[in-house]
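2 protein chains.
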Amino acid sequence: MKLAILGTGMVGQTLAGKLAELGHEVMIGTRNAAETMAKTAPGPFGNPPFKAWKDAHPAIPLVTYAEAAARGEIIFNATSGGGSLEALRLAGEANLGGKILVDIANPLDFSKGMPPSLTVCNTDSLAEQIQRAFPKVKVVKALNTVNALVMVNPNAVAGGDHHLPICGNDASARATVTELLKSNFGWKHVIDLGDITAARGTEMMLPVWVRLMGTLKTPMFNFKIVQ
Amino acid sequence: MKLAILGTGMVGQTLAGKLAELGHEVMIGTRNAAETMAKTAPGPFGNPPFKAWKDAHPAIPLVTYAEAAARGEIIFNATSGGGSLEALRLAGEANLGGKILVDIANPLDFSKGMPPSLTVCNTDSLAEQIQRAFPKVKVVKALNTVNALVMVNPNAVAGGDHHLPICGNDASARATVTELLKSNFGWKHVIDLGDITAARGTEMMLPVWVRLMGTLKTPMFNFKIVQ
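Chains as they are written, first to last, in the working numbering: chain D, 0 to 226; chain Y, 0 to 226.
Below, the structure written as structure tokens:
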């Protein structure tokens with residue numbers, strides 16, 4: 000399957016690396032490939048600059064947002080939440096078409112330091128903003144409630160016995176993404192919360208997630224819903 | 000121990016009933032006892048009017064917020080979030096003193112129907128508003144992330160193998176509340192998130208909680224944090 004990953008940070012790198020390793024045709028989209036490759040500073044969480052990762056993954060092309068969106072059959076939004084709408088505008092409505100967009104981004108605002116607040120919440124969400132801006136796209140909110148390493152390897156946490164909430168307006172798109180997460184990454188418990196307004200809830204899990212990371216001193220955790 | 004419960008809804012009834020059953024001296028505070036007893040309409044979730052519950056629990060006195068706060072050694076805020084600050088003002092700063100206030104309320108706004116939004120979130124929380132309004136009170140946010148029946152009987156869900164986050168500025172108060180929850184209700188996993196700003200995260204869990212209740216078709220669930 001041709002999969003486009005928009006965003007060159009930790010999440011984009013981790014997803015692209017894993018999906019390529021699994022045999023998919025993966026491409027990474029960025030605003031300006033030359034500028035992305037020229038960056039030498041480490042990422043905001045101390046991760047190496049993109050070039051170091053790219054040099055280790057020469058088979059995965061770095062292209063523009065627009066080219067990635069045009070070529071991908073399913074598109075992953077792994078850009079930072081504050082820049083997602085702009086990145087998707089650059090990807091282009093025609094290139095996004097009626098494809099599935101797996102929205103992993105969280106609308107985190109780090110401008111006032113740690114902990115981050117959300118740029119949108121409560122009565123709206125980033126996923127809804129994206130869905131409104133691109134009404135034909137099948138937005139499915141998923142993976143935003145776990146660390147990048149857990150996204151692609153849920154079995155690294157408690158043998159995979161924990162939950163991933165997903166939501167989106169298109170039931171068939173939710174089913175496709177659920178199957179993709181299960182068959183590629185080994186997710187065992189994907190919980191379908193229905194339409195895209197559920198993203199308010201899943202994006203609002205971030206503040207307690209960040210706090211728990213500080214308490215547990217690891218990002219390698221998740222929530223298991225028990226009854 | 001003398002325990003004051005502020006609020007006569009489902010949460011107040013459930014807590015008061017259980018704590019009295021365990022042998023504590025429990026009193027319930029309300030704005031106006033005569034008015035509360037005169038109400039004949041069912042509660043917002045179809046629960047019986049307070050009088051029906053009170054008739055079944057004649058030994059638990061219904062008093063004013065101020066009297067309950069004056070007599071209680073530990074005070075539970077089980078009022079609706081939108082009315083909590085006003086209820087606590089009526090309880091009175093002098094009566095609250097430097098006591099522990101277990102803040103269970105969620106700042107839910109049902110004025111636009113279901114699902115509720117939050118009246119405060121993201122860069123502030125109800126618990127912080129209460130702490131600022133009553134700086135001497137030792138506010139401990141707890142129990143707000145589960146249904147009333149789970150609060151007092153965590154073993155009813157997955158044998159109690161799930162987590163309750165608590166927070167507050169006073170470490171000793173957090174420890175006292177943790178012990179109270181463990182010894183009275185049987186909570187096994189109380190996770191201490193530190194100072195009261197963590198309440199932003201735990202109050203912001205409500206939207207996903209409400210959505211999950213709809214998906215699971217039961218309020219009898221909770222989150223287990225797995226690593």
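All C-beta atoms, glycine included, are put in the ideal place defined by N, C-alpha and C.
On a Cα-Cα basis, can you pick out the residue from the options that is closest to residue i?
{"i": "valine 139 of chain D", "options": "D/Pro114, D/Leu180, D/Ala147 and D/Val119", "result": "D/Leu180"}
{"i": "alanine 32 of chain D", "options": "D/Pro41, D/Val25, D/Gly42 and D/Tyr64", "result": "D/Tyr64"}
{"i": "phenylalanine 44 of chain Y", "options": "Y/Ala86, Y/Arg30 and Y/Phe109", "result": "Y/Phe109"}
{"i": "alanine 155 of chain Y", "options": "Y/Ile224, Y/Ser79 and Y/Met219", "result": "Y/Met219"}
{"i": "lysine 98 of chain Y", "options": "Y/Gly71, Y/Val189, Y/Glu85 and Y/Ser182", "result": "Y/Gly71"}
{"i": "alanine 141 of chain D", "options": "D/His162, D/Ala157, D/Lys1 and D/Met212", "result": "D/His162"}
{"i": "serine 182 of chain Y", "options": "Y/Val10, Y/Asn143, Y/Thr217 and Y/Leu18", "result": "Y/Leu18"}
{"i": "proline 115 of chain D", "options": "D/Ala37, D/Asn221, D/Gly80 and D/Met36", "result": "D/Gly80"}
{"i": "valine 119 of chain Y", "options": "Y/Thr39, Y/Thr175 and Y/Gln128", "result": "Y/Gln128"}
{"i": "glutamine 12 of chain D", "options": "D/Leu61, D/Ala40, D/Gly22 and D/Lys38", "result": "D/Leu61"}
{"i": "lysine 216 of chain Y", "options": "D/Arg210, D/Arg30, D/Pro47 and D/Gln226", "result": "D/Gln226"}
{"i": "valine 10 of chain D", "options": "D/Asn143, D/Ala55 and D/Ile59", "result": "D/Asn143"}
{"i": "alanine 157 of chain D", "options": "D/Thr214, D/Ala55 and D/Phe222", "result": "D/Phe222"}
{"i": "threonine 214 of chain D", "options": "Y/Thr214, Y/Gly200 and Y/Asp191", "result": "Y/Asp191"}
{"i": "threonine 35 of chain Y", "options": "Y/Val145, Y/Lys53 and Y/Asn121", "result": "Y/Lys53"}
{"i": "glutamate 85 of chain Y", "options": "Y/Trp186, Y/Leu117, Y/Lys50 and Y/Leu125", "result": "Y/Leu125"}
{"i": "glycine 159 of chain D", "options": "D/Cys166, D/His188 and D/Gly167", "result": "D/His188"}
{"i": "glycine 185 of chain D", "options": "D/Lys50, D/Leu21 and D/Ala15", "result": "D/Leu21"}
{"i": "methionine 212 of chain D", "options": "Y/Arg210, Y/Leu211, Y/Met212 and Y/Gly200", "result": "Y/Gly200"}
Provide the residue span of the alpha helix (DSSP H) that contains residue i, from first to last.
{"i": "lysine 53 of chain Y", "result": "49 to 55"}
{"i": "glutamate 202 of chain Y", "result": "198 to 202"}
{"i": "glutamate 127 of chain D", "result": "125 to 132"}
{"i": "valine 209 of chain Y", "result": "205 to 215"}
{"i": "threonine 63 of chain D", "result": "It is not in any alpha helix (DSSP H) - threonine 63 of chain D instead sits in the beta strand (DSSP E) that spans 61 to 63."}
{"i": "lysine 17 of chain D", "result": "9 to 20"}
{"i": "valine 176 of chain D", "result": "170 to 179"}
{"i": "valine 149 of chain D", "result": "147 to 151"}
{"i": "methionine 36 of chain Y", "result": "32 to 37"}
What first and last residue would you give for the beta strand (DSSP E) that runs through residue i?
{"i": "glutamate 119 of chain D", "result": "One detail in the question is off: residue 119 of chain D reads as valine in this sequence, not glutamate. Where valine 119 of chain D is concerned, there is no enclosing beta strand (DSSP E), given that its DSSP letter is neither H nor E."}
{"i": "asparagine 94 of chain D", "result": "From DSSP, asparagine 94 of chain D is part of no beta strand (DSSP E) but of the alpha helix (DSSP H) over 92 to 95."}
{"i": "proline 164 of chain Y", "result": "162 to 167"}
{"i": "lysine 1 of chain D", "result": "1 to 5"}
{"i": "glutamate 24 of chain Y", "result": "24 to 29"}
{"i": "valine 101 of chain D", "result": "99 to 102"}
{"i": "valine 225 of chain Y", "result": "221 to 225"}
{"i": "asparagine 143 of chain Y", "result": "Unbroken run through asparagine 143 of chain Y: none, as it is neither H nor E."}
At 8 Å on the CB atoms, spell out the chain D contacts of residue i, in chain order.
{"i": "alanine 40 of chain Y", "result": "Chain D residues near alanine 40 of chain Y: none, gap ~29 Å exceeds 8 Å."}
{"i": "phenylalanine 222 of chain Y", "result": "Phe222, Lys223, Ile224 and Val225"}
Taking Cβ-Cβ distances shorter than 8 Å, what residues in chain Y pair up with residue i?
{"i": "methionine 204 of chain D", "result": "Met203, Met204 and Val207"}
{"i": "asparagine 105 of chain D", "result": "What asparagine 105 of chain D touches in chain Y: nothing, since even the nearest Cβ is about 13 Å away."}
Quick one: list the residues of chain D neighbouring residue i, beta-carbon separation under 9 Å, in chain order.
{"i": "glutamine 128 of chain Y", "result": "Those do not exist, as glutamine 128 of chain Y stays about 16 Å from chain D at its closest Cβ, beyond 9 Å."}
{"i": "methionine 219 of chain Y", "result": "Gln226"}
{"i": "leucine 215 of chain Y", "result": "Ile190, Ile224 and Gln226"}
Note down, in chain order, every chain Y residue with its Cβ under 7 Å from the Cβ of residue i.
{"i": "arginine 210 of chain D", "result": "Leu192, Ala197 and Gly200"}
- [ ] Say whether the stretch 169 to 184 of chain Y touches the stretch 117 to 135 of chain Y, bearing in mind that this needs 3 or more beta-carbon pairs closer than 8 Å, one atom from each stretch.
- [x] Under the 8 Å Cβ criterion, the stretch 169 to 184 of chain Y does not count as touching the stretch 117 to 135 of chain Y, having fewer than three qualifying pairs.
- [ ] Evaluate contact between the stretch 189 to 206 of chain D and the stretch 202 to 219 of chain Y, counting only Cβ atoms and requiring at least three cross-stretch pairs below 8 Å.
- [x] Taking 8 Å as the limit for Cβ pairs, the verdict is that the stretch 202 to 219 of chain Y does touch the stretch 189 to 206 of chain D.
TODO: Note down, in chain order, all residues in the stretch 169 to 195 of chain Y with a beta-carbon under 9 Å from any beta-carbon belonging to chain D.
DONE: Within the stretch 169 to 195 of chain Y, the residues whose Cβ lies closer than 9 Å to some Cβ of chain D are Ile190, Asp191, Leu192 and Gly193, listed in chain order.
Task: Inter-stretch contact (C-beta, 8 Å, three-pair minimum) for the stretch 66 to 74 of chain Y and the stretch 23 to 37 of chain Y - done: Output reads yes: the stretch 23 to 37 of chain Y touches the stretch 66 to 74 of chain Y.
TODO: For the stretch 77 to 91 of chain Y and the stretch 5 to 16 of chain Y, state whether three or more C-beta atom pairs, one from each stretch, are separated by less than 8 Å.
DONE: By the C-beta criterion, the stretch 77 to 91 of chain Y is judged to be in contact with the stretch 5 to 16 of chain Y, since at least 3 inter-stretch pairs fall below 8 Å.
Open item on the list: At a CB distance below 9 Å, what residues from the stretch 64 to 84 of chain D approach chain Y? Give them in sequence order.
Closed with: Only those residues of the stretch 64 to 84 of chain D whose C-beta falls short of 9 Å from the nearest C-beta of chain Y would be listed, and there are none.
TODO: Indicate whether the contact test is met: 3 or more Cβ pairs, each with one atom in the stretch 99 to 113 of chain Y and one in the stretch 74 to 86 of chain Y, closer than 8 Å.
DONE: Contact between the stretch 99 to 113 of chain Y and the stretch 74 to 86 of chain Y is established, with three or more Cβ pairs separated by less than 8 Å.
- [ ] Compile a chain-ordered list of the residues in the stretch 153 to 164 of chain D whose CB is closer than 8 Å to at least one CB of chain Y.
- [x] Residues Val156, Ala157, Asp160, His161 and Pro164.
TODO: Please determine if the stretch 139 to 151 of chain D and the stretch 179 to 198 of chain Y are in contact, where contact requires at least 3 C-beta pairs separated by less than 8 Å.
DONE: The stretch 139 to 151 of chain D and the stretch 179 to 198 of chain Y do not touch, with fewer than 3 CB-CB distances between them shorter than 8 Å.
Task: Residues, ordered as in the chain, of the stretch 111 to 144 of chain Y that lie near chain D by beta-carbon distance below 7 Å - done: In summary, the residues of the stretch 111 to 144 of chain Y whose CB is separated from some CB of chain D by less than 7 Å are Ser116, Leu117, Cys120, Asn121 and Thr122, in the order they occur in the chain.
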